[in-house]
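See structure below.
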Amino acid sequence: MTTYDTAVIGAGTAGLVTACHLAQAGQKVVLVSHGIGALLLASGCVDVLGFHPAESTTPVENPAAALDDFLAAQPEHPYHHIGRENLAAGLEKFLQLVNNAGLDYRGSFERNWRLPSGAGAVHPTCLAPASLIAGDFGTGQSMLIVGFRELRDFYPALISQNINEQNLGVTSDFAWVNAAIPAASKMNATPIELAHAFEHASFRRQVVQEIKQAAKGWDRVGFPAALGIDRHAEVVADLEKQLGKPVFEISALPPSVPGRRLYNALKSALLQAGGRLIIGAK
151 MTTYDTAVIG
161 AGTAGLVTAC
171 HLAQAGQKVV
181 LVSHGIGALL
191 LASGCVDVLG
201 FHPAESTTPV
211 ENPAAALDDF
221 LAAQPEHPYH
231 HIGRENLAAG
241 LEKFLQLVNN
251 AGLDYRGSFE
261 RNWRLPSGAG
271 AVHPTCLAPA
281 SLIAGDFGTG
291 QSMLIVGFRE
301 LRDFYPALIS
311 QNINEQNLGV
321 TSDFAWVNAA
331 IPAASKMNAT
341 PIELAHAFEH
351 ASFRRQVVQE
361 IKQAAKGWDR
371 VGFPAALGID
381 RHAEVVADLE
391 KQLGKPVFEI
401 SALPPSVPGR
411 RLYNALKSAL
421 LQAGGRLIIG
431 AK
């Protein structure tokens with residue numbers, strides 16, 4: 151009979167990160183879960199404090215600086231029990247873990263990125279993949295938002311309109327891609343299917359051919375968060391080379407491709423550290 155030092159229940163972010171840290175510290179760890187957790191529903195970002203007070207429409211610029219005021223107004227919040235030092239240390243450990251696992255996450259406790267959401271609103275977040283951070287409103291760079299007619303629930307015109315109406319210091323426009331997404335049902339592609347399509351050079355060439363003219367005059371090009379899964383860095387680099395300008399991702403509705411990348415990276419880190427993962431437990 152196999153015995154373990156620790157059993158972790160749940161394969162979401164908290165469970166995977168906990169299991170990875172314990173396994174890397176030398177414990178014999180098993181992670182047990184019914185499914186793969188909620189990462190396919192998540193943006194892949196780490197939010198700490200986006201808005202304060204709650205009714206405010208102005209994002210918090212520095213979560214670390216705003217934390218004391220927030221805790222004074224929310225004395226029962228879990229951050230009270232965690233403590234400022236542990237919160238800051240946890241963010242640093244998360245960054246180290248995921249970057250060592252092959253992802254490119256950036257950020258700190260002292261700053262919120264201001265990223266475009268799938269509705270064109272501002273999403274304030276502390277830690278995020280570099281491909282999402284490239285869309286940060288703080289740069290002031292203009293952006294072309296690209297949509298795919300076969301991808302439901304991602305509306306580039308709506309995103310662009312909302313960005314332009316919020317006085318964010320960023321101008322935006324949109325363009326549609328008509329290229330067929332392989333393996334997708336007509337007008338019913340998922341972000342996962344689009345991500346797999348982007349891993350094929352021929353599909354990327356089709357996309358670039360359709361939008362290159364529209365992209366002229368815009369500083370950067372935003373896509374649904376579906377620029378590859380296992381070959382994400384290659385996809386981003388190739389698109390930037392062909393377009394001659396930065397590209398970025400915008401979080402879309404689930405299933406979440408950045409969430410899938412994070413799950414894959416944490417799963418690999420756990421297994422490489424000697425941990426065991428059991429999916430399908432009841």
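Mapped onto the numbering used here, the consecutive letters of the sequence shown carry residue numbers 151 to 432. Glycine is no exception: its CB is placed at the ideal position from the N, C-alpha and C atoms. Computed from a prediction, not measured in an experiment: that's the story for all the values here.
By the criterion of a C-beta distance shorter than 7 Å, G160 is surrounded in its chain by S183 and G187, once the five residues flanking it on both sides are discounted. When rounded, the separation of the alpha-carbon atoms in I309 and A375 is 14 Å. DSSP links W326 through a beta bridge to G297.
When the five nearest sequence neighbours on each side are left out, the beta carbons in the same chain lying within less than 7 Å of the beta carbon of A216 are those of L199, H202 and V210, in order along the chain. Using a 10 angstroms sphere on the CB of P306, the tally of other CB atoms reaches 16 or more, which defines it as buried.
In this structure, the straight-line span from the alpha carbon of W263 to that of G194 is close to 14 Å.
Here S406 is near A192, since their CB atoms are less than 8 Å apart. For S281, no beta strand (DSSP E) encloses it; the enclosing alpha helix (DSSP H) starts and ends at A280 to I283. By the criterion of a C-beta distance shorter than 8 Å, R354 is surrounded in its chain by F348, V385, D388, L389 and Q392, once the five residues flanking it on both sides are discounted. Ranked by Cα distance from W326, the first of I361, L403 and S281 is I361.
Going by DSSP, P408 is part of the alpha helix (DSSP H) stretching over V407 to Q422. Closest option to T208, judged by alpha-carbon separation, among Q316, E300 and N312: Q316. For F373, the secondary structure class from DSSP, reduced to helix, strand or coil, is strand. Going by C-alpha positions, T156 is about 15 Å away from A164.
Of the candidates N249, R410, L241 and A280, L241 places its Cα closest to the Cα of P213. For the pair L247 and V167, the CB atoms are nearer than the 8 Å cut-off. Segment contact: the segment 417-429 against the segment 394-402, fewer than three CB-CB distances shorter than 8 Å; contact not assigned.
A direct Cα-to-Cα measurement between G233 and H171 gives close to 19 Å. R302 is a Cβ neighbour of N338, given a cutoff of 8 Å. Beta-bridge partners of H273 (DSSP): L265. Cβ-Cβ distances below 7 Å link L420 to L166, A169, C170, A173, L181 and L427 in the same chain, with the five nearest sequence neighbours on each side left out; the list follows chain order. In this structure, V320 places its C-beta atom within 8 Å of the C-beta atom of G290. L181 carries a strand assignment under DSSP once its states are collapsed to helix, strand and coil. In the structure shown, T153 falls within a coil segment according to DSSP collapsed to helix, strand and coil.
Taking every protein chain shown into account, the CB of G378 has 16 or more other CB atoms within 10 angstroms, so this residue is buried.
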